[in-house]
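Taken in order, the sequence shown gives residues 448 to 751; the numbers are from the numbering used here.
We put the beta carbon where it would ideally sit given N, CA and C, even for glycine.
In what follows, a single structure is set out as structure tokens and then discussed.
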Amino acid sequence: MALLAGLIFSEPAKSDTLLGANLKKRADAVLGLMSFQLSPDVTTGSLSLNNEPTGNPDVLMSTLGGGFTVGKGFPLYLEGTLGYSRYDPIFLASDGQITRPVPTKWNTLSVTGGVGWDFPIIDDLVFRPIVNFSYGRVASDSSVASSYIQRETGDDFEFLKSGNLDVYGLGGALMLDYERYKDEYEIDTELRYTNITLKSFSNAPESVQGSTVAQSLSLWMRWRAPTGFTVLKKPVRYVIEAARTGYIGDMRGALGFDYLNSVGIGLELDSSHYDITVTRTRLILRYQFGDNIEGTSLGFAISF
448 MALLAGLIFS
458 EPAKSDTLLG
468 ANLKKRADAV
478 LGLMSFQLSP
488 DVTTGSLSLN
498 NEPTGNPDVL
508 MSTLGGGFTV
518 GKGFPLYLEG
528 TLGYSRYDPI
538 FLASDGQITR
548 PVPTKWNTLS
558 VTGGVGWDFP
568 IIDDLVFRPI
578 VNFSYGRVAS
588 DSSVASSYIQ
598 RETGDDFEFL
608 KSGNLDVYGL
618 GGALMLDYER
628 YKDEYEIDTE
638 LRYTNITLKS
648 FSNAPESVQG
658 STVAQSLSLW
668 MRWRAPTGFT
678 VLKKPVRYVI
688 EAARTGYIGD
698 MRGALGFDYL
708 NSVGIGLELD
718 SSHYDITVTR
728 TRLILRYQFG
738 DNIEGTSLGF
748 AISF
């Protein structure tokens, strides 16, 4: 996937206006990218989209997150996600005779928290409303700004050189969570709708201020059962996992696809026999696919 913004420079008085118009599009795009980092989701836990002609990544994203319920007697649910991404928009600069690409790199870092409450429906099934809040920062990497950009002046050019854009998000999620644990098997299923509005706030130029609404509907399922082997005085379990996430509104097609699927298989070690904080450790190999996209990832998870 190639991400390319067209930009023509003819005279200094007009270059800032044209640059600003394209920066606005790119700012909205990078906020759209950040919206994929806001909730625990195995389909986007690790994602790289490549520029096929060069093989260099236009988008690189990774997230680390999870959630838990405090206890059945006090069913407070807490979740958190830390996300990082790198977005490489390319502008075209021209002096009227020669047109050349101007590469830039924007880094984003976001942290999202969530607080919810479990309402039992039937045995093993709860309804969980969640309130989410996010903070993120977009930073333009001055180390890769071209000499052309370094020579120019103006607020827009200053942002490309080494600018920062702060982002906040407010919203929530609705979840149905089914958990059935037996000695012979364990089943986990989650159906979740997420809606979080992201808006920029800072002293950055108005031309890079942006907003987006992160909406998604996801289904995640996991089956665990003993393999017949014992390690750490507990059975080793095999894990089978499947997930599908559909993107809605601003997120639909933002990265070139409308949905992502994931299937995975792995092993889980149970250390709950010992008096240590970590009770289970999982290693899962996943295959992810969607519209014109596919890939593999290796996931690592622990339970407390």
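On a CA-only basis, which of the options is nearest residue i? Give me that one, please.
i	options	result
T565	G530, T528, G520 and T490	The amino acid occupying residue 565 in the given sequence is Asp; Thr does not appear at that position. Comparing Cα-Cα distances from D565 to each of G530, T528, G520 and T490, the minimum goes to G520.
L638	W667, V558, G742 and T555	W667
F736	R669, R684 and A689	A689
G696	G711, I712, P682 and T659	T659
K681	L664, D475, D705 and D717	D717
G713	F747, T724 and Y694	F747
L556	S482, S495 and I569	S482
T636	I643, Y628 and N642	Y628
I643	G657, Q656 and S663	S663
L612	S581, N650, E626 and P550	N650
T516	D570, Y582, D624 and S532	D624
L525	E715, R699 and A620	A620
R474	I723, M698, V585 and S581	Contrary to the premise, residue 474 reads as Ala rather than Arg in this sequence. The option with the nearest alpha carbon to A474 is V585.
I723	I749, G742, I569 and G618	I749
F580	M698, G700, T692 and L645	L645
I568	Y582, E631 and E626	E626
Alpha carbon to alpha carbon, what distance is there between residue j and residue i?
i	j	result
Y615	A661	12 Å
S486	V477	17 Å
Y721	V678	12 Å
G703	D738	7 Å
L640	I740	Strictly speaking, residue 640 in this sequence is Tyr, with Leu absent from that position. Approximately 23 Å between the Cα atoms of the pair.
S588	Q484	First, the amino acid is wrong: residue 588 is Asp here, not Ser. Roughly 20 Å between the two C-alpha positions.
E633	T559	29 Å
F751	R727	7 Å
A672	G561	30 Å
S744	L707	14 Å
V489	E653	35 Å
V683	G675	7 Å
G601	R669	Unreliable positioning characterises G601 in this predicted model, as indicated by a pLDDT of 49, which lies under 50. The coordinate reading is nonetheless provided below. Near 53 Å, if we compare the C-alpha coordinates of R669 and G601.
T501	L494	Residue confidence for T501 is low, a pLDDT of 48 falling below 50, so the modelled location carries little weight; the figure read from the coordinates is stated next. Roughly 18 Å separates the two Cα atoms.
T551	D705	26 Å
S719	F648	45 Å
S590	R533	In this predicted model, S590 has a pLDDT of only 48, less than 50, meaning its place in the structure is not dependable; the value taken from the coordinates is given anyway. Rounded to whole angstroms, S590 to R533 spans 14 Å at the Cα level.
S709	I687	11 Å
R575	Q656	33 Å
W553	T528	20 Å
For the beta strand (DSSP E) that residue i lies in, which residues bound it at each end?
i	result
G514	P504 to T516
G618	N611 to Y628
G527	L523 to Y534
Touch check for the region 718 to 735 and the region 510 to 524: three-plus C-beta pairs under 8 Å?
no
Runs of beta strand (DSSP E) lying entirely within the region 562 to 589, each at least 3 residues, in chain order:
566 to 569 and 572 to 587
In chain order, which continuous runs of the beta strand (DSSP E) of length 3 or greater are located wholly inside the region 698 to 747?
706 to 717 and 727 to 737
Threshold first: 3 residues or longer. Then list the beta strand (DSSP E) segments lying entirely within the region 631 to 692, N to C.
633 to 647 and 658 to 678
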